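Residue numbers (the numbering used here), protein chains in the order written: chain A, 127 to 424; chain B, 127 to 424; chain C, 127 to 424; chain D, 127 to 424.
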């Protein structure tokens with residue numbers, strides 16, 4: 127299936143997105159925007175932030191591709207002088223080169239259904255080279271979309287087999303040239319080496335308002351505590367479980383009449399919305415990581 | 127100052143409010159509503175809930191006072207038969223007998239300002255016999271309302287003096303015939319014996335979305351964790367700090383640009399709203415405690 | 127496709143739902159709950175409301191089917207005496223008899239995708255005998271679910287052909303024994319006679335916060351007015367366009383940076399959520415119509 | 127009363143705020159940030175927007191005052207060259223020169239109470255030279271704050287006397303050197319000449335989610351229509367009633383159980399919050415008017 131071409135977001139025309147972080151000082155914006163202006167570049171969106179603790183400056187600029195006389199590779203070599211002067215960590219991406227999302231799922235399919243809908247309607251401007259699962263349940267739905275579905279058995283009690291399974295997942299991800307690994311209610315804890323190897327490229331949806339109710343069965347935990355709102359958190363996976371940099375969160379009101387089953391139902395709606403928003407920010411290079419926090423230039 | 131008489135909530139006519147909990151079984155509603163109907167009672171609001179874990183039934187009924195041929199004392203003696211049959215824990219209150227709120231504050235006054243406004247505008251249908259504080263700062267504002275202000279020094283490093291201070295607070299509360307002790311950003315940890323003696327009658331506002339960020343400086347904790355929403359929690363004080371039954375919560379969105387100072391500012395608005403809502407539910411006998419949770423019949 | 131049997135809402139056990147409206151007076155609750163108790167009926171959820179303007183009383187009660195010694199037909203004949211005494215308009219439904227939803231769609235499929243997902247996951251406890259559309263675009267997706275898809279051409283400039291098309295739609299709906307006609311972004315104005323014939327059984331989702339921006343292109347209207355929130359409204363279709371009784375609404379924040387295209391994207395998420403909630407309330411007999419308003423017993 | 131000096135928002139250090147609008151083209155950001163950098167200026171916050179319809183560019187920059195070697199007057203004369211090149215409409219403000227807010231109230235005081243609290247706590251960084259009212263009711267509360275209170279009688283049936291009353295209000299505003307006239311539930315329709323003379327400087331709070339329910343008694347209108355959310359709108363007053371550029375809006379959920387009186391109560395909380403937010407944006411020069419819409423750089 128070829129996703130629809132209707133361009134339903136701000137990024138419908140081709141754009142280069144430049145993201146930068148460096149020590150804060152006067153003159154950074156002038157230097158960067160001066161460089162862009164000097165080549166006729168037309169900035170369509172610009173955002174800035176200074177992190178007070180680290181005194182680091184973060185910026186993101188979207189430039190109309192057709193306003194510049196060169197491509198991202200040429201941009202990169204010319205910009206390196208400015209970058210060096212300010213000690214910048216930076217990257218530039220081209221909207222014409224769509225990011226490749228590898229989705230990992232288990233049996234619950236509300237996030238998968240939501241992401242595949244956004245993909246086939248053209249809202250999620252990215253490619254999905256494959257879906258990986260430790261169950262066969264969702265094969266038919268995924269394949270209806272024309273997307274390859276890989277089954278990888280993850281035995282729960284056999285450590286060496288588990289290690290092999292995750293090695294296979296990593297191999298499939300690498301073979302698919304994945305840019306982002308999306309844990310769309312994958313329900314498995316990723317091994318540390320994967321979290322390290324793909325740091326900042328694994329996005330998880332946790333079904334609680336972190337840091338409350340990390341770990342297993344968060345809706346049961348929420349029910350026991352008697353909270354009046356439940357939530358969901360989209361975050362980068364890191365070595366510590368459910369403790370990585372948070373990209374997006376939201377909450378929804380419940381009351382004493384809601385059982386755990388009701389919470390699970392409300393939760394599905396908020397999980398898929400929060401994951402979709404967080405993933406969109408990542409795909410559009412709107413998320414910059416700063417220590418264990420994120421800057422999200424919406 | 128006499129608070130205004132404009133009646134701006136549902137309870138403007140005189141009502142009796144009957145709240146009940148008992149083991150769940152068929153026929154409870156019929157028995158209670160039958161008893162009320164038999165005396166011509168006109169029910170204006172009725173709510174029910176069964177707690178699945180404990181298999182206990184909870185109900186609340188508001189009855190128009192003028193529809194019954196007797197007062198709450200007579201109601202009580204006549205109703206005791208029904209109550210005994212079902213093993214009910216129950217109480218009946220008369221809206222003509224306004225609850226008495228004793229407010230405890232420190233230096234921060236946003237919740238105090240909010241509650242006093244709701245009181246003097248007639249929205250909060252309760253009496254405020256006095257305000258107690260460990261600082262003199264808010265005396266003038268409280269006294270402008272014609273409400274007595276009691277200063278009680280609470281030394282931080284002198285345990286016996288602290289014990290005496292809290293004994294004085296309890297004495298002032300008892301002398302004022304308080305029904306509820308409201309910790310309106312009191313910033314002091316209540317001693318265990320007070321929490322026990324006034325269980326279910328001490329309402330606190332905590333400036334986080336519990337169970338996240340219990341204890342001191344929750345906005346600093348939230349800032350460090352990089353959450354994307356902050357919240358506030360209104361709960362009954364209990365022996366364990368910030369762990370009592372939750373009455374009401376809410377959250378508000380923040381982003382990477384918000385410092386701790388910004389969070390404190392956003393937080394004030396949500397703290398005062400959440401406290402006002404929770405307190406209102408309590409004053410209107412809408413909150414029933416079930417273990418460490420609450421049933422709130424809105 | 128057989129939708130999953132996992133029971134993920136409150137109504138997982140078989141229940142009878144009794145909904146009543148009648149002139150308000152003392153004793154109604156006692157009479158109804160007395161009747162139920164007399165036959166051993168176990169009430170699991172009960173809600174009441176008095177409309178002050180019309181002085182009508184509305185109630186809804188869910189009863190465990192296995193607690194009563196008879197079925198809904200027997201219930202009906204026995205209850206008719208009580209009903210007559212109070213001049214009740216009433217009905218009783220059996221959760222074992224699932225409602226039949228006929229979905230009408232055009233080309234936009236976000237609401238369709240959402241409803242079919244909720245159906246196949248077992249969350250939406252109803253049957254979908256068919257989907258009707260004036261375009262062929264969504265046939266493949268619908269048929270993948272094993273649901274019949276009927277194409278009905280609706281020519282825009284030919285009035286007699288249009289009349290015939292809607293007659294065909296009505297025929298398909300009747301043949302399918304539809305209980306509810308769901309306009310899931312159908313983008314066609316229903317003829318008056320259909321609105322009249324199926325009053326209270328046609329549910330529409332309008333992509334604005336009514337009464338603002340009724341009629342065509344509401345997001346363009348919202349953009350022109352410069353509002354800071356956009357919304358969606360689920361309502362019963364009536365003779366006047368976008369003016370029927372409102373079941374559910376919600377809003378989402380936008381800002382000056384959002385184009386009409388961005389609003390359409392945000393709007394999709396809120397439209398499908400609001401429609402799903404409103405439809406759920408209807409399917410569970412939680413919505414009672416009172417003049418041009420609704421009472422929704424959540 | 128001197129409002130507290132605790133600096134509880136982002137603008138605690140002295141800043142210059144530069145706001146600009148001009149025809150869009152490449153190089154604007156470079157020219158402005160180049161000018162600022164050339165004088166050592168340290169930009170602490172920068173925001174941009176292009177209005178697609180008018181093809182106009184809008185920007186706002188906050189600069190640390192101590193980073194520039196001159197004051198706003200010197201800045202103005204030096205910057206005029208850049209401004210002329212790009213055909214800019216622009217202004218620069220100095221946070222050390224606090225804006226002067228003249229509040230107009232009637233009898234309802236929830237917005238007044240809220241604004242005075244924010245002022246005396248130091249959150250609202252502006253001066254309030256006086257409060258004007260057509261009733262004496264709120265004199266004592268205003269004067270307790272040490273703020274002059276002016277009573278101006280506005281007779282309802284005497285047109286010449288009404289004209290004279292508004293002339294007196296304008297005179298008081300001018301004498302107080304007002305920067306903004308805040309209609310904090312003033313309940314009077316301003317004459318056209320005032321709306322024209324102070325265009326972009328009169329801020330109103332309307333108690334509905336505009337454009338729904340403009341004009342009188344919006345909560346009654348909302349009740350009649352049976353909406354499921356009510357709202358409030360902060361906007362600039364213009365010649366057409368309740369139709370000026372919208373600065374901020376919000377909504378709150380209600381249900382069938384809420385009477386008009388309940389809506390009024392919920393409404394108070396949302397009105398004061400929306401007005402406080404909108405006013406804050408204006409005071410911090412975050413609002414730029416573009417036709418009948420606003421750009422709000424939060």
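We treat Cβ as the ideally placed atom computed from N, Cα and C, and that holds for glycine.
Just so we're clear, the structure is a prediction, and the values are computed from it rather than from any experiment.
| query | On the three-pair Cβ rule with 8 angstroms, is the stretch 156 to 167 of chain A touching the stretch 194 to 202 of chain A? | reply | yes
| message | Does residue 237 of chain C pass the burial test, meaning 16 or more other C-beta atoms within 10 Å, or should it be called exposed? | response | buried
| request: Return the chain-ordered ranges of every alpha helix (DSSP H) run that is complete within the stretch 281 to 306 of chain B and spans a minimum of 4 residues. | output: 285 to 301
| Cα-Cα separation between residue 298 of chain D and residue 258 of chain D, rounded to whole angstroms | 8 angstroms
| query | How is residue 357 of chain A classed by DSSP in three states: helix, strand or coil? | reply | strand
| query | Helix or strand or just coil, what does DSSP make of residue 152 of chain B? | reply | coil
| query | So residue 216 of chain C and residue 144 of chain C are in contact, right, with Cβ under 8 angstroms, and what is the actual spacing, rounded? | reply | 7 angstroms
| Under 7 angstroms from the C-beta of residue 352 of chain B: neighbouring residues of chain A | 371, 372, 418, 419 and 420
| task | Taking 8 angstroms as the cut-off, decide whether the C-beta atoms of residue 175 of chain B and residue 383 of chain A are in contact. | result | yes
| request: Determine the direct distance from the alpha carbon of residue 156 of chain D to that of residue 160 of chain A, and round the result to whole angstroms. | output: 5 angstroms
| said: Taking 8 angstroms as the threshold (C-beta atoms), are residue 339 of chain D and residue 325 of chain D in contact? | reply: no
| task | Report, in whole angstroms, the separation of the C-beta atoms of residue 185 of chain A and residue 146 of chain A, which I expect to be a contact under 8 angstroms. | result | 5 angstroms
| request: Run down chain B in chain order and give the residues with a C-beta less than 9 angstroms from the C-beta of residue 359 of chain D. | output: The premise fails here: residue 359 of chain D is roughly 18 angstroms from chain B at the closest Cβ pair, so nothing lies under 9 angstroms.
| query | Any heavy atom of the ligand NAP closer than 7 angstroms to the Cβ of residue 359 of chain B? | reply | Although the ligand NAP was asked about, the structure shown includes no ligands whatsoever.
| request: Under 8 angstroms by Cβ, that's how I've got residue 389 of chain A and residue 345 of chain A pegged, so tell me the actual separation to the nearest angstrom. | output: 4 angstroms
| query | Across which residues does DSSP place residue 219 of chain C in a beta bridge pair? | reply | C:143
| said: Using 8 angstroms for Cβ pairs, my map puts residue 244 of chain A next to residue 402 of chain A. What's the rounded Cβ distance? | reply: 6 angstroms
| Name the chain E residues that come within less than 8 angstroms of residue 160 of chain C, Cβ to Cβ? | Annotation note: the requested chain E is absent from the structure, which comprises protein chains A, B, C and D.
| said: I'd like to know whether the C-beta atoms of residue 256 of chain C and residue 293 of chain C end up nearer to each other than 8 angstroms. | reply: no
| said: On a Cα-Cα basis, can you pick out the residue from B:241, B:269 and B:249 that is closest to residue 309 of chain B? | reply: B:241
| field | Beta bridge counterpart(s) of residue 330 of chain B as assigned by DSSP | value | B:309 and B:361
| query | The beta strand (DSSP E) with residue 374 of chain A in it runs from where to where? | reply | 372 to 379
| query | Taking only beta-carbon atoms, is residue 385 of chain B less than 8 angstroms away from chain A? | reply | yes
| query | Is residue 374 of chain C closer than 8 angstroms to residue 393 of chain C when the C-beta atoms are compared? | reply | no
| said: Quick check on the burial criterion: 16 or more other C-beta atoms within 10 angstroms. Buried or exposed for residue 371 of chain B? | reply: buried
| Which of helix, strand or coil DSSP assigns to residue 278 of chain D | coil
| message | With distance defined between alpha-carbon atoms, name the residue in B:360, B:290, B:271 and B:153 nearest to residue 280 of chain B. | response | B:290
| Any Cβ of chain C within less than 8 angstroms of the Cβ of residue 169 of chain B? | yes
| task | Note down, in chain order, each residue of its chain lying with its Cβ closer than 7 angstroms to the Cβ of residue 150 of chain A, except the 5 sequence neighbours on either side. | result | 176, 181, 182 and 183
| task | Please look up how many angstroms separate the CB atoms of residue 191 of chain C and residue 142 of chain C, rounded, as I've assumed it's under 8 angstroms. | result | 6 angstroms
| query | chain A beta carbons: is any one of them nearer than 8 angstroms to that of residue 381 of chain B? | reply | yes
| request: Quickly, what does DSSP pair residue 231 of chain A with across the bridge? List them, please. | output: A:259
| task | Name, going along the chain, the residues of the stretch 339 to 351 of chain C whose beta-carbon falls closer than 7 angstroms to a beta-carbon of chain A. | result | none
| Do you know offhand how far residue 158 of chain B's Cα is from residue 187 of chain C's? | 16 angstroms
| request: Starting from the beta carbon of residue 175 of chain B, find every residue of chain A whose beta carbon is closer than 7 angstroms, and list them in chain order. | output: 382 and 383
| Own chain partners of residue 275 of chain C with C-beta closer than 6 angstroms, once the 5 adjacent residues on each side are dropped | 257, 265, 268 and 269
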